[in-house]
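For reference, the structure is listed below as structure tokens.
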Amino acid sequence: MRIENKFLLAFIALLFFACNEQEVAEKQLSPQVQLEDIQHRIDSLENFIAKQPVLKPARVEPNFGLFQTLQSVGLDLKQSLNIINTLADTVELGTLRAGQVFWVGFDQKDTSKAVLFRYAENPAILHFLMMDSTDEWSYKMVEKPVNVRYAMYDGVLQEGGNLYNTLRDIGIPQNMVGIVAGVLECRVSFRTDARVGDKFKVLLKETRFQDSLWIGGQVLFASYEGSRVKLSEAFLYMEADPKSSFNAHYTEDGEALIHSGLRYPLDRLHITSSFGYRIHPITGQRAFHNGVDYRGAVGTPVYAVAEGVVAQSSYDNLSGNFIAIKHSDNSQSYYLHLSQRGVKNGQRVKARQVIGKVGNTGRSSGPHLHFGIKQPNGAWMDPRLKRMIATPKLEGAKLAALKEQVKFIRNILDKTEAAEPKSIGDTIQATVKWVEIE
Ligand SMILES: [Zn+2]
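Its first residue numbered -3, the sequence shown is counted upward by one per residue in my numbering.
Take a look at the structure:
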């Protein structure tokens, strides 16, 4: 056996070794484990396979962040921060679920030294950090092949059935029901305007691993037409960056489906820490985190989320450069750790006006924006409970890109329309049709 092959096998074995976050049937692993892709990773793996790290599961407890989860298996502050800061920009670990498991591998000779970090985002996407021979972490992502199908659900509102039940009855996957309902609710007020006999269509992109395990779904299209609502359609717009705040549903003409709402403070939404109790990454103390942390490079523009007056533009040791804006309803939005402040006390600002730049000032463990909303009564609220939109209307290049995506979606709609309908049952007026795309 050639030496590379030996490492290749060792690597594949390692991928599935201790792989129990989700029960992945390793024997069924399809043959195309992307050999070529893996081949070029062998060099950096060589060093670490030789070390045969001792693997420990790091289980997320309630209220734990990644930081505390790492400390629970014995990593010190420096190692923990190092891992968090080396994880790629797309790996989102700000909103962990209790019970989730990471794997940390320790050096056999020095069992306090981490040499491997492994996180399964889902059964098909694995994220790895590996310590190379120079003691630097390097990041790898391994994607396993998945099946994609486009499914069109075509239904009629029934007597006595609410929207959620109807969606469930026609076979929309359980974890998509709320998302689909949310998109439809942007187009029609179900409390006042929905009537028995109204028609709707939903086009889902469904991604599965080995034909059965659910990986994810997207609502590409939804339409609604009823006795009190004329035909209205919603299309999913997605930019190349999956974390763009512009990724949302719009009409074919680019109108956002939520017309009122705050603007996002950044163009890109990578949450590194959510609202609520957590262990502070620097002090190690359990404390209430009164906002949301978004990762961002130093210098990234920060926008006012709504029109208002600058109540504070200042500096202190904890918040660094920070800005507070008071809005017409007497709520205030806060923007912390800025590298630059572009507005002064008392200045009027418009929604989506650039007020400063992302930074790492004050007590901060890396460049990010801490964004908070204080209610008129002085209590902090979870900013993510506010309705936010990137823009009321897509324009220019974004509108042109939407038009292209609408064309693609209509093409898929035509293909699914032509497919053989699957029966849902005798009592429900609905059909499902789908096409699989390689
Ligand atoms: Zn924060």
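Backbone N, C-alpha and C fix where the C-beta goes; we use that ideal spot for every residue, glycine too.
Pick from the options: whose alpha carbon is nearest that of residue i?
i, options, result
"Ala320", "Val339, Ser335 and Asn313", "Val339"
"Arg389", "Ala244, Glu132 and Gly358", "For the record, residue 389 in the displayed sequence is Lys; it is not Arg. Of the listed residues, the one whose Cα sits closest to Lys389 is Ala244."
"Arg114", "Ala393, Leu125 and Ser315", "Leu125"
"Asp150", "Glu139, Leu163, Gly156 and Thr82", "Leu163"
"Gln401", "Thr247, Gln328, Ser315 and Thr268", "Thr247"
"Leu209", "Arg224, Gln64 and Asn118", "Asn118"
"Asn258", "Asp237, Ala302 and Ala110", "Looking at the sequence shown, residue 258 is not Asn but Leu. Minimum Cα distance to Leu258 is reached at Ala302."
"Thr91", "Tyr273, Arg204, Asn158 and Phe205", "Tyr273"
"Gly342", "Ala307, Gly358 and His333", "Ala307"
"Ala375", "Ser360, Asn286, Gly295 and Gln349", "Asn286"
"Phe196", "Asp207, Thr296 and Leu227", "Leu227"
"Met148", "Gln154, Glu202 and Ser129", "Glu202"
"Asp312", "His333, Pro417 and Ala236", "His333"
"Glu181", "Glu416, Gly157 and Ser219", "Ser219"
"His123", "Phe98, Gly213, Asp106 and Asp103", "Phe98"
"Ala110", "Asp131, Gln96, Ala120 and Ser310", "Asp131"
"Gly212", "Arg145, Gly250 and Ala393", "Arg145"
"Asp237", "Asp128, Gln48 and Lys394", "Lys394"
Tell me whether residue i sits in a helix, a strand or coil according to DSSP, three-state version.
i, result
"Gly157", "coil"
"Thr188", "coil"
"Leu443", "Nothing about residue 443 can be read from this structure; the chain reaches only from -3 to 434."
"Asp312", "strand"
"Leu180", "helix"
"Leu66", "helix"
"Gln75", "helix"
"Ile420", "coil"
"Asn326", "coil"
"His285", "strand"
"Gly236", "Residue identity differs from the one stated: residue 236 is Ala in this sequence, not Gly. In this structure, Ala236 counts as coil in the three-state DSSP scheme."
"Ala9", "No answer about Ala9 holds up, because its pLDDT of 49 lies below 50 and its placement is not dependable."
"Tyr246", "strand"
"Leu209", "strand"
"Val306", "strand"
"Arg224", "coil"
"Tyr260", "coil"
"Lys429", "strand"
"Ala320", "strand"
"Glu57", "coil"
"His333", "strand"
"Thr203", "strand"
"Val339", "coil"
"Lys195", "strand"
"Thr296", "coil"
"Val215", "strand"
Could you tell me whether any non-hydrogen atom of ligand 1 is closer than 7 Å to the CB of residue i?
i, result
"Gly352", "no"
"Gly287", "yes"
"His366", "yes"
"Ser269", "yes"
Look at the Cβ atom of residue i, then the Cβ atom of residue j, and state whether they are nearer than 8 Å.
i, j, result
"Glu221", "Asp194", "yes"
"Ala94", "Glu57", "yes"
"Tyr330", "Phe284", "no"
"Arg282", "His266", "no"
"Val176", "Val225", "no"
"Ala230", "Phe242", "no"
"Asn328", "Lys370", "Asn is not the amino acid found at residue 328; the sequence shown has Gln there. Yes, the pair counts as a contact, with Cβ atoms nearer than the cut-off."
"Glu413", "Lys403", "no"
"Ile420", "Ala426", "yes"
"Ile385", "Val298", "no"
"Val69", "Val100", "yes"
"Asp170", "Ile424", "Residue identity differs from the one stated: residue 170 is Gln in this sequence, not Asp. In this structure, Ile424 does not lie closer than 8 Å to Gln170 by Cβ."
"Leu314", "Arg359", "yes"
"Leu77", "Ile408", "no"
"Arg187", "Ser223", "no"
"Ala252", "Ala300", "no"
"Lys322", "Gln336", "no"
"Thr82", "Tyr135", "yes"
"Thr107", "Val50", "yes"
"Ala120", "Phe60", "no"
Should residue i be counted as a contact of ligand 3 given a C-beta to heavy atom distance under 7 Å?
i, result
"Ser329", "Absence of ligand 3 is noted for the structure shown, with ligand 1 being the only ligands found."
I'd like to know if residue i contacts chain D, where contact means its C-beta is closer than 8 Å to some C-beta of that chain.
i, result
"Arg344", "Of the protein chains in the structure, only one exists, and it is not chain D."
Taking only runs that begin and end inside the region 118 to 178, name each unbroken beta strand (DSSP E) of 3 or more residues, in chain order. Within the region 118 to 178, the runs of beta strand (DSSP E) that reach at least 3 residues and sit entirely inside it are, in chain order, 121 to 127, 133 to 139 and 143 to 152.
Enumerated in chain order, which unbroken segments of the alpha helix (DSSP H) with a length of 4 residues or greater are wholly contained in the region 348 to 418? 392 to 414
If we require 4 or more residues per run, which alpha helix (DSSP H) segments fall completely within the region 72 to 115? Correct list: 73 to 82.
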